[in-house]
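Line by line, the protein sequences give chains A and B.
Residue 11 is where the first sequence starts when you use the working numbering, and the numbers rise one by one after that.
Residue 11 is where the second sequence starts when you use the working numbering, and the numbers rise one by one after that.
Number of protein chains: 2
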Amino acid sequence: MLMKAVVMVSFLALTSSLNPLGADEQTVPKSQVERPTYPFDTEEMYDPAVVPAYAGDHAKIYAHIDGAIEDHTKALQRWLRQPSISAQNKGIMDMAEMLRGDLEGMGFKETTLVPTDGHPGVWGYYDAGAEKTLLIYMMYDVQPVNEEDWQSPPFEANLIDHKLGKVVMARGAMNQKGPERAFLNALQSIIAVNGTLPVNLMIAAEGEEELGSPHYPQIVDAYEDRMKMADGVLFPMSSQGPDGNSSMILGVKGILYFEIEARGGDWGGPRKAEIHGSYKGIVDSPTLRLIKAISSLTSKDGNTILVPGYYDNIQAPTHEEQLLLNKVVSVRNDAEIQKSFGVSRWIDGQTGRDALVDLMYNPTLNVDGMWSGYTGPGVKTILPHMATAKMDSRLPLGQNPDDMLAKIRAYLDANGFGDIVLRKLSGYPAAQTSVSTGLSEAVISVYNKYTEGLSVNPRVAGSAPFYQFTDRLGLPMIPAGLGYGRGAHAPNEIFLITPGEGVKAAGLADIEKSYVDMIFAVAKAGRK
Amino acid sequence: MLMKAVVMVSFLALTSSLNPLGADEQTVPKSQVERPTYPFDTEEMYDPAVVPAYAGDHAKIYAHIDGAIEDHTKALQRWLRQPSISAQNKGIMDMAEMLRGDLEGMGFKETTLVPTDGHPGVWGYYDAGAEKTLLIYMMYDVQPVNEEDWQSPPFEANLIDHKLGKVVMARGAMNQKGPERAFLNALQSIIAVNGTLPVNLMIAAEGEEELGSPHYPQIVDAYEDRMKMADGVLFPMSSQGPDGNSSMILGVKGILYFEIEARGGDWGGPRKAEIHGSYKGIVDSPTLRLIKAISSLTSKDGNTILVPGYYDNIQAPTHEEQLLLNKVVSVRNDAEIQKSFGVSRWIDGQTGRDALVDLMYNPTLNVDGMWSGYTGPGVKTILPHMATAKMDSRLPLGQNPDDMLAKIRAYLDANGFGDIVLRKLSGYPAAQTSVSTGLSEAVISVYNKYTEGLSVNPRVAGSAPFYQFTDRLGLPMIPAGLGYGRGAHAPNEIFLITPGEGVKAAGLADIEKSYVDMIFAVAKAGRK
């Protein structure tokens with residue numbers, strides 16, 4: 011789930027000039043009901059240069075990395091050649107054991123698989139006797155593949171000459187084994203040179219990220235008291251564009267994912283099976299009922315939610331977030347983002363800050379899929395007995411998925427849709443980390459050492475269950491790292507190993523060096 | 011398509027007592043807009059006994075049938091063993107040629123395949139030098155099969171001991187080869203005994219009935235002037251229940267079948283492919299747009315059409331139809347029909363005549379199927395770029411499918427849904443034959459000879475392209491015949507050959523004898 015958020019951020023990061031969409035043509039009337047707006051107190055912008063570039067120099071470790079880079083590449087290929095498809099339970103146990111064994115081999119005193127109701131987690135603890143403790147979130151699972159769509163087999167992890175340079179092509183290359191293995195290579199290099207780490211290190215990995223992290227809370231259950239002792243959480247992730255600009259995410263929206271279903275019942279409609287379509291003349295249609303129920307949730311344009319209280323409890327942009335957003339907007343190019351999405355306009359013809367704030371601070375209702383009756387070619391005349399849709403609602407900070415579901419339920423009930431079934435499939439609240447935590451500043455200082463165009467995004471519209479860290483454990487949480495990859499969840503996924511001419515994204519060696527710096531920066535950072 | 015209408019009629023025929031649904035509980039509010047109602051001038055009922063039972067006796071022909079019944083059964087099995095699945099183009103040409111050859115062998119002077127843009131028609135003409143001419147509509151195609159679902163292979167046409175008696179089990183047994191071959195067996199028997207037929211006989215068969223008869227108009231094109239010379243059109247069909255009661259259909263509703271689709275475009279939404287669901291915050295949803303567009307077509311309960319003019323031009327029940335409907339209602343049992351359908355209530359809690367007239371005389375809008383985005387298990391968060399539904403509208407006499415589609419188009423345009431795509435897949439108007447035509451009375455007289463409980467339905471809610479006969483050729487058209495079958499469009503389709511103890515539906519021999527009578531009755535009937 012997180013990968014997508016990152017893809018979206020990379021679109022933001024790639025924009026480079028102010029060129030708002032000129033046309034504000036509205037072919038769809040704006041609804042009478044209005045979504046909340048969030049007036050800003052300030053036009054000032056956050057400047058990441060307020061954090062000095064990381065000044066530490068770890069020349070011996072850098073040299074060790076340069077000398078070992080072929081071995082480090084092979085260590086990554088070894089991971090990539092081990093399938094670990096969570097959705098198909100393919101290679102999961104082997105990959106979990108490979109991660110655990112690697113940690114053990116690196117000197118982690120505690121390494122164990124963590125049983126859950128799904129695939130196991132992997133826990134590791136490296137006791138450096140240090141003052142600071144860094145918690146690393148990892149995922150060891152990958153998305154399924156359609157082998158025939160790949161130009162190089164997805165689990166061969168071949169090194170390929172790409173226009174961007176030398177890349178490794180494999181499922182999981184960028185999402186997430188590439189960045190994660192780079193991080194472990196960095197750890198290994200520090201230990202090899204210094205004999206220990208400058209921080210204590212916890213690793214709490216899961217094998218179900220691609221399934222929506224349904225059992226990560228159970229992993230936290232098992233180590234909650236230990237995890238709370240950490241100073242912050244890092245998630246290794248490549249965050250550069252080919253131009254070298256990088257982006258950083260401080261928050262994610264929450265999500266409520268549910269199925270909504272209409273079936274024939276006491277209210278009318280066929281209860282057990284489809285009937286002949288001609289009987290619509292005297293038989294109610296569950297399909298039309300679902301359509302009416304979903305339609306009742308939003309304004310005519312589908313963009314404003316009519317459920318009472320659905321815009322309550324939203325935490326408006328803080329002063330810090332306003333500064334960050336002003337900066338993001340100043341380099342954001344709506345037209346370019348729209349082009350990359352194949353979208354002609356944002357809702358209500360919005361652009362610039364209005365669009366960005368609407369995206370980040372208002373909840374959504376979206377239909378991810380729906381189905382009913384006959385969907386094949388040609389003509390079949392039936393009155394289906396049921397209709398189902400999958401819907402998701404992205405929730406800003408302050409909102410709770412169960413509260414929102416209860417509000418939808420109450421609204422449907424109040425409008426005569428008491429028979430409509432709601433089935434929650436997933437849900438968790440938003441997560442937010444401040445730009446001024448010790449962890450945040452340590453990460454920014456390293457970005458400032460290696461890159462020029464850092465974009466600090468207070469939040470993305472995508473969702474990840476980071477609330478486990480921010481809310482439950484009370485820790486700052488940041489996905490971070492140099493490097494470039496693409497093709498997550500798609501064929502021909504790649505991760506850049508050696509940049510080609512003119513490509514400014516970091517290669518594997520520089521990624522590892524920057525992780526070395528980040529670990530030392532955290533060791534020196536103020537707590538929170 | 012017709013088969014379903016007949017299935018529905020058989021439900022009507024099976025009802026035997028007046029027991030309207032007591033409860034009129036409305037959990038769905040009745041819409042403000044009202045569908046037209048049709049006040050009746052009379053409470054009088056049509057009594058089929060006004061037509062004297064057919065008095066002719068063709069003892070020699072009956073005896074011939076009894077003597078030849080094993081050969082006649084084998085002739086039917088030979089047809090059933092020849093697959094003719096129009097949807098899969100399986101055995102179509104062989105079956106067309108088998109029918110043509112059989113007609114030639116029986117003494118039809120003209121027999122030919124009729125090319126169309128689809129599967130060929132079969133034309134046959136038997137010149138008896140008679141005063142009257144009977145046109146027979148036939149279909150030689152059948153529905154596809156899932157062989158594993160059958161207890162006896164669908165193209166072996168085995169004779170099976172069933173609780174109803176001896177039956178033949180095969181795809182096409184009742185729909186429609188059983189009744190059709192019985193009719194030809196009757197013709198053959200008349201010719202064998204008398205040397206000729208009492209009427210001239212035209213046969214105009216198609217091989218695409220199960221596809222919605224898309225090219226039957228081309229068959230009529232080829233023989234229109236000839237066909238117009240006929241005195242009426244008969245469609246061999248088994249119309250009895252196991253209790254021996256039979257039902258007769260004088261009319262069918264028309265149909266408009268179309269797909270309705272929303273796609274991202276200038277108005278908003280992703281144009282080319284799905285995007286990440288979190289972007290709903292600023293991107294319009296084509297799926298919600300389709301939901302809004304479909305929702306706009308009907309009242310909140312989905313049962314009254316809001317498209318201006320959609321209830322115009324409806325031909326209200328004539329005096330004759332009122333008499334017929336009063337009779338049908340008097341023996342109709344809503345609760346039993348509802349139970350057989352698995353439906354708790356008709357729309358608005360209607361029962362009796364109100365429900366029946368609403369069903370037969372008002373147009374409908376029904377969603378046959380719809381789909382968009384992700385429809386698999388679990389969670390996938392996308393904003394789909396398109397959404398599609400299949401819809402059908404059943405049209406009473408007086409309405410034209412192209413007019414209705416134009417009204418829907420105009421309504422969508424006027425309501426800001428100009429981007430919504432409508433794709434017509436099929437459409438034809440209703441058809442109606444009077445109970446007082448010569449053909450109708452000839453058929454009723456034969457029913458009155460063999461059965462007691464004849465139900466004469468002025469119309470069914472199902473659709474068949476009979477307007478080709480009634481409107482284009484100006485002929486009365488009746489699907490008729492004794493006999494019983496079930497399982498059309500389903501596994502284990504059967505046709506009753508020899509009724510068991512207590513089963514009052516006709517077996518093959520009696521079906522053939524009644525067709526003999528029907529042909530002689532038509533020969534004597536008044537024109538129209």
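Every residue gets a Cβ at the ideal spot worked out from N, C-alpha and C, and that includes glycine.
Just so it is clear, the structure is predicted and the values come from calculations on it, not from any experiment.
Exercise. If you count every other CB in all the chains shown that lies within 10 Å of the CB of Glu166/B, and 16 or more means buried, which is it?
Worked result: Exposed.
For this session: Can you tell me the Cβ-Cβ gap for Ser382/B and Tyr267/B, rounded? I've got them flagged as a contact below 8 Å.
Result: Contact between Ser382/B and Tyr267/B does not hold, since the beta-carbon distance rounds to 19 Å and is not under 8 Å.
Exercise. Would you say Lys282/B reaches chain A, if we count a Cβ-Cβ gap shorter than 8 Å as a contact?
Worked result: So, interface residue.
Problem set entry | Cβ-Cβ distance between Gly117/A and Tyr136/A below 8 Å | Yes. Within cutoff.
Exercise. Residues in its own chain within less than 8 Å of Pro62/A by CB, not counting five upstream and five downstream?
Worked result: Only Ser455 and Asn458 meet the Cβ criterion.
Exercise. Should Gly115/A be labelled buried (16 or more other beta-carbon atoms within 10 Å of its own) or exposed?
Worked result: By the 10 Å Cβ count, Gly115/A comes out exposed.
For this session: Any chance you could list the alpha helix (DSSP H) runs of at least 4 consecutive residues sitting entirely within the segment 342-426 of chain A, in chain order?
Result: Secondary structure in the segment 342-426 of chain A: the alpha helix (DSSP H) runs of 4 residues or longer, each lying completely within the stretch, are 344-351, 362-371 and 411-424 in chain order.
For this session: With Asp171/B as the anchor, note down where its beta strand (DSSP E) starts and where it stops.
Result: Asn168 to His172 is the extent of the beta strand (DSSP E) around Asp171/B.
Exercise. Under 8 Å between the Cβ atoms of Lys52/B and Gln332/B?
Worked result: Reading the sequence as shown, one finds Thr at residue 52/B and not Lys. Between Thr52/B and Gln332/B, the C-beta gap is smaller than 8 Å, which places the two residues in contact.
Problem set entry | Where His68/B meets chain A, residues with beta-carbon distance less than 9 Å | For His68/B, there are no neighbours in chain A by C-beta distance under 9 Å, as the nearest C-beta there is about 38 Å away.
Exercise. Are the Cβ atoms of Pro164/B and Ala180/B separated by less than 8 Å?
Worked result: Yes, the Cβ-Cβ distance between Pro164/B and Ala180/B is below 8 Å.
Exercise. Using a Cβ-Cβ cut-off of 6 Å (strictly less than) and excluding sequence neighbours within five positions of Val203/A, which residues of its own chain qualify?
Worked result: If we look at Val203/A and ignore the five residues flanking it on each side, its Cβ neighbours are Lys70, Ile71 and His74.
Exercise. Among all the DSSP beta bridges, which residues are the ones paired with Leu334/A?
Worked result: Bridge partners of Leu334/A according to DSSP: none are assigned.
Problem set entry | Where His329/A falls, given that 16 or more other Cβ within 10 Å makes a residue buried | Result: exposed.
Problem set entry | Alpha carbon of Met414/B to alpha carbon of Ile324/B, nearest angstrom | Roughly 12 Å separates the two Cα atoms.
Problem set entry | Extent of the continuous alpha helix (DSSP H) to which Ala85/A belongs | For Ala85/A, the uninterrupted alpha helix (DSSP H) segment begins and ends at Ala69 to Leu90.
For this session: Express the C-alpha separation of Arg363/B and Lys40/B in angstroms, rounding to a whole number.
Result: Residue placement at Lys40/B is poorly supported in this model, since its pLDDT is 42, which falls under 50; the coordinates still yield a value, given next. Roughly 19 Å between the two C-alpha positions.
Exercise. What residues from the segment 384-399 of chain A come within 9 Å of chain B, judged by C-beta to C-beta, listed N to C?
Worked result: Cβ contacts with chain B: Tyr384, Thr385, Gly386, Gly388, Val389, Lys390, Thr391, Ile392, Leu393, Pro394, His395, Ala397, Thr398 and Ala399.
Exercise. For the alpha helix (DSSP H) that contains Ser544/B, what are its first and last residues?
Worked result: Absent from the structure is residue 544/B, since the part of chain B shown begins at 11 and ends at 538.
Problem set entry | Contact check, Asp151/B vs Glu219/B, beta carbons under 8 Å | Yes, these two residues count as a Cβ contact at 8 Å.
For this session: Using the Cα positions of Asp361/B and Arg419/A, report the straight-line distance between them to the nearest angstrom.
Result: Per the sequence shown, the amino acid found at residue 361/B is Thr instead of Asp. Approximately 32 Å, taken between the alpha carbons.
Problem set entry | alpha helix (DSSP H) segment containing Tyr525/B, residue limits | That run of the alpha helix (DSSP H) goes Leu518 to Lys534.
Exercise. Under the DSSP definition of a beta bridge, which residues are partnered with Asn210/B?
Worked result: In the DSSP output, where bridge partners are listed per residue, Asn210/B has Thr143/B.
For this session: For the alpha helix (DSSP H) holding Arg6/A, just list the boundary residues, first then last.
Result: The requested residue 6/A does not occur in the structure, where chain A is confined to residues 11 to 538.
For this session: Could you name the residues of chain B that Asn410/A contacts, counting a contact when the two beta carbons are closer than 8 Å?
Result: Result: empty, since nearest Cβ-Cβ is about 18 Å, beyond 8 Å.
Exercise. Helix or strand or just coil, what does DSSP make of Leu435/A?
Worked result: Note: Leu435/A maps to strand in three-state DSSP.
For this session: Could you tell me if Ala424/B is buried or exposed, where buried requires 16 or more neighbouring beta carbons within 10 angstroms of its beta carbon?
Result: Here Ala424/B is exposed, its C-beta having fewer than 16 other C-beta atoms within 10 Å.
For this session: Just list the beta strand (DSSP E) runs in the segment 261-307 of chain A, keeping only unbroken ones of 3 residues or longer that don't cross its boundaries, in chain order.
Result: With a minimum length of 3 residues, the continuous beta strand (DSSP E) runs that stay inside the segment 261-307 of chain A are 261-273.
Exercise. Do we get a CB-CB distance below 8 Å when we pair Ile270/B with the residues of chain A?
Worked result: Ile270/B does not count as touching chain A.
Exercise. Ala397/B: which of Gly512/B, Gly274/B and Gly175/B sits nearest, CA to CA?
Worked result: Just measuring C-alpha positions, the residue of Gly512/B, Gly274/B and Gly175/B sitting nearest Ala397/B is Gly274/B.
For this session: Using a threshold of 8 Å, state whether the C-beta atoms of Lys100/A and Pro93/A are closer than that.
Result: Lys100/A is a Cβ neighbour of Pro93/A, given a cutoff of 8 Å.
For this session: Under 7 Å Cβ to Cβ from Ser162/A, same chain only, skipping five residues before and after it: list those, please.
Result: Excluding sequence neighbours, Ser162/A sits near Asn168, Ile170 and Met179.
For this session: Give the residues from the segment 290-305 of chain A that approach chain B closer than 8 Å (Cβ to any Cβ), ordered along the chain.
Result: Within the segment 290-305 of chain A, the qualifying residues are Lys290, Gly291, Ile292, Val293, Asp294, Ser295, Thr297, Leu298, Arg299, Ile301, Lys302, Ile304 and Ser305.
Exercise. With respect to the alpha helix (DSSP H) encompassing Ala490/A, which residues constitute its N-terminal and C-terminal limits?
Worked result: Segment Met487 to Ala490 is the beta strand (DSSP E) holding Ala490/A; no alpha helix (DSSP H) there.
For this session: Can you tell me which of the three DSSP states Gly188/B falls into?
Result: Correct three-state label for Gly188/B: helix.
For this session: Classify Asn156/A as buried or exposed, calling it buried when 16 or more other Cβ atoms lie within 10 Å of its own Cβ.
Result: So Asn156/A counts as exposed.
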